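Report on one structure; see the data block that follows.
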Amino acid sequence: MKPGAWWNRALQAILPTWRWIVTSTGTKLTPELWSGDSYRGGGCLRVSGKLDATNTLRLYLTDLPVNAYTRLKITFKREGLSGVDSLMQAGVGPLGAPFTFYPVGACAIDGWNQTTINLGAHAGTTISALALRFTSATTVDPYEIRIGEIVVYDATAPAPEPPTNIQALDVVGWNGVVSGRVKWDHAVGEHDTYHVYVRLTDGSLVFVGSTPSNYFYFEDIPILGDYGSVVVRTIGPDATESRLSDTGNYASWAISQGIPGAPANGDFENDGITNLMEYALGLNPKTANPSAGVLSGNMITFTKGADAIANGDISWVIESSQTLAPNSWLPQVSQTPGNPAANISHTFLPGSLTKDFFRLRVTSAP
Ligand SMILES: [Ca+2]
187 MKPGAWWNRA LQAILPTWRW IVTSTGTKLT PELWSGDSYR GGGCLRVSGK
237 LDATNTLRLY LTDLPVNAYT RLKITFKREG LSGVDSLMQA GVGPLGAPFT
287 FYPVGACAID GWNQTTINLG AHAGTTISAL ALRFTSATTV DPYEIRIGEI
337 VVYDATAPAP EPPTNIQALD VVGWNGVVSG RVKWDHAVGE HDTYHVYVRL
387 TDGSLVFVGS TPSNYFYFED IPILGDYGSV VVRTIGPDAT ESRLSDTGNY
437 ASWAISQGIP GAPANGDFEN DGITNLMEYA LGLNPKTANP SAGVLSGNMI
487 TFTKGADAIA NGDISWVIES SQTLAPNSWL PQVSQTPGNP AANISHTFLP
537 GSLTKDFFRL RVTSAP
């Protein structure tokens, strides 16, 4: 079984400590490590049977210190169903004491769903055990749920860097499948594994596998489209994911502009425009620029940077103020990361105010 990351390790197949401890006042559900489906890797935890009373399934004995930023992420599905409750709760607690259970929530899609649970309320304690609980107001028969991954991680941990120098070797995609080999240079910093994808010519991604090494072979992976390239991302020790190897970010833009390591809030050439704003607007950070924004009639327009649009790590907001006071700025129009529009503009009502000021604010998405 390789169900993905279990307890701060990725794809290390950490099996449940207890197999199986099920308690119920009614019919007991049947847990199993099942190879018929997987989120990533070779299997999942499947729990099935007649759900006519609350079932508690103790899974892991552990020793996890919790801080305010500790999160639990669980990946799950009820095959063939969407828009239904998972009827599942994730529980953490000290050994021998009652668990605190949190509802995992809905299966929004017929596919793998993910829920992140904030464990910050347990800050300063140690989680000694993890359990799942299944409960329904009415009997569900048959009930079945698949759990693909459970990860406990620190939300403030920085994302790892992607690997570099991706080389697709003998990759051939035809007849609806793709096969080949790929190698790369290890990412800077720690990693637990790499996830390998094929990017099709329509831009979509197909997951082909994982490896802790910097070489991967894959064969006869089904694809619905034409093969374009191989893409790799780093999975960190806490299951945090890097950006994909074929997308950049502010840091890689700074390198490409000849200001490697320049801080986002810095101003390399002292023209009053921060480095992050230069990136967001596609300016040259080494050449002084006039203040950005074009006023035409009643409309103010800012042109967005092509790299920032493509990388999807910037959000843009035009704000207005009548006084320029720090707390007086109100958002008028915003664009989120991934918005492909080439510019952002705001049309204001002329003559309605004695003064109106506008500014563009950009923030870097995590
Ligand atoms: Ca500047």
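Letter by letter, the sequence shown follows residues 187 to 552 of this note's numbering. Think of the CB as a built atom: it goes at the ideal place given N, C-alpha and C, for glycine as much as any other residue. Note that the coordinates shown come from a computational prediction; the quantities given were computed from them, not determined experimentally.
{"Item": "Between the CA atoms of L410 and V384 - distance to the nearest angstrom", "Value": "11 Å"}
{"Item": "Segment limits, alpha helix (DSSP H) that includes W439", "Value": "Y436 to S442"}
{"Item": "Selection from G235, T286 and G291 that minimises the alpha carbon distance to T261", "Value": "G291"}
{"Item": "Closer than 8 Å to chain C by CB, L231", "Value": "This model lacks chain C altogether; it includes just one protein chain."}
{"Item": "Contact the stretch 306–316 vs the stretch 238–252: 3+ CB pairs below 8 Å", "Value": "yes"}
{"Item": "For V358, the residue or residues it bridges with in DSSP", "Value": "S365"}
{"Item": "Ligand 1 heavy atom lying under 7 Å from the CB of N451", "Value": "no"}
{"Item": "Distance between I331 and I441 (C-alpha atoms, nearest Å)", "Value": "46 Å"}
{"Item": "C-beta contact flag for A466 and A425 at 8 Å", "Value": "no"}
{"Item": "contact_flag[the stretch 292–301, the stretch 363–375] where n(CB pairs < 8 Å) is 3 or more", "Value": "no"}
{"Item": "Nearest residue (CA-CA) to P328, options L510, T397, L237 and G458", "Value": "L237"}
{"Item": "Whole-angstrom distance between G212 and P517, CA atom to CA atom", "Value": "54 Å"}
{"Item": "Beta-carbon spacing of E347, T420 below 8 Å", "Value": "yes"}
{"Item": "Any non-hydrogen atom of ligand 1 within 7 Å of D493 CB", "Value": "no"}
{"Item": "Test item: CB-CB of G334 and D378 under 8 Å", "Value": "no"}
{"Item": "DSSP three-state assignment for G306, whether helix, strand or coil", "Value": "helix"}
{"Item": "Outcome for S390 when other beta-carbon atoms lying within 10 angstroms are tallied against a minimum of 16", "Value": "exposed"}
{"Item": "S322 versus S438: straight-line alpha-carbon distance, rounded", "Value": "49 Å"}
{"Item": "T301, buried or exposed, once every other Cβ within 10 Å from all chains shown has been counted against 16", "Value": "buried"}
{"Item": "Per DSSP, cross-strand counterpart(s) of T522", "Value": "Answer by DSSP bridge pairing: none, since T522 is not bridged."}
{"Item": "Buried versus exposed, by CB contacts within 10 Å (16 or more), W193", "Value": "Residue confidence for W193 is low, a pLDDT of 34 falling below 50, so the modelled location carries little weight and cannot support an answer."}
{"Item": "Limits of the beta strand (DSSP E) - the one that I331 falls within", "Value": "V326 to D340"}
{"Item": "Span of the beta strand (DSSP E), counted from its first residue to its last, around E427", "Value": "Segment: none, E427 is in no beta strand (DSSP E) and carries neither H nor E."}
{"Item": "7 Å CB neighbourhood of P189 in its chain, flanking five on each side removed", "Value": "Model confidence at P189 stands at a pLDDT of 37, short of 50, so the residue's coordinates are unreliable; what they give is reported in the following sentence. Correct list, in chain order: S224, Y225, G227, G229, C230, L231, G334 and E335."}
{"Item": "The stretch 470–488 in contact with the stretch 515–531 per 3-pair CB rule at 8 Å", "Value": "yes"}
{"Item": "Per-residue burial, A196 [other beta carbons within 10 Å of its own, 16 or more giving buried]", "Value": "Note that A196 scores 34 on pLDDT, short of 50, meaning its location in the model is unreliable; the coordinates nonetheless yield the value given after this. Flag for A196 reads buried."}
{"Item": "Residue environment, L469, which counts as buried when at least 16 other CB atoms sit within 10 Å", "Value": "buried"}
{"Item": "Whole-Å CB distance - I486 paired with F544, under 8 Å assumed", "Value": "5 Å"}
{"Item": "Residues bridged to D271 (per DSSP)", "Value": "A292"}
{"Item": "C-beta contact flag for T216 and S234 at 8 Å", "Value": "yes"}
{"Item": "Simplified DSSP state of N461, which is helix, strand or coil", "Value": "helix"}
{"Item": "D493, DSSP secondary structure in three states", "Value": "helix"}
{"Item": "Coil, strand or helix - S234 by DSSP", "Value": "strand"}
{"Item": "Residue interval of the beta strand (DSSP E) (run including F563)", "Value": "In this structure the chain extends from 187 to 552, so residue 563 is not present and cannot be described."}
{"Item": "Ligand 2 heavy atom lying under 7 Å from the CB of F454", "Value": "Summarising the ligand content, the structure contains ligand 1 and does not contain ligand 2."}
{"Item": "Contact test: P471 Cβ vs ligand 1 heavy atom, cutoff 7 Å", "Value": "yes"}
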